[in-house]
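Here's the structure we're looking at; comments come further down.
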């Protein structure tokens with residue numbers, strides 16, 4: 001992926017409630033994922049994965 005062609009404005013975060021994740025996208029590429037769980041009215045962050053540069 002050629003990140004030089006993207007700006008900070010090309011980053012978006014999308015929630016997927018079914019899989020309980022938030023995915024970060026840079027242009028068409030997923031660059032990170034946060035997995036969460038809802039328990040007792042709280043959000044617990046279970047794991048985070050970020051693509052290397």
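In the UniProt record's numbering, the protein residues as written are 1 to 53.
Yeah, the Cβ is synthetic: ideal placement off N, Cα and C, and Gly gets one too.
No experiment lies behind these values; they were computed from the predicted model shown.
Boundaries of the beta strand (DSSP E) around residue 37: 29-39. In this structure, residue 49 and residue 39 do not form a Cβ contact; the two beta carbons are roughly 21 Å apart against a cut-off of 8 Å. Leaving aside the five residues that flank residue 14 on each side, the residues in its chain whose CB is nearer than 6 Å to its CB run, in chain order, 23. Per DSSP, the continuous beta strand (DSSP E) segment holding residue 26 begins and ends at 21-26.
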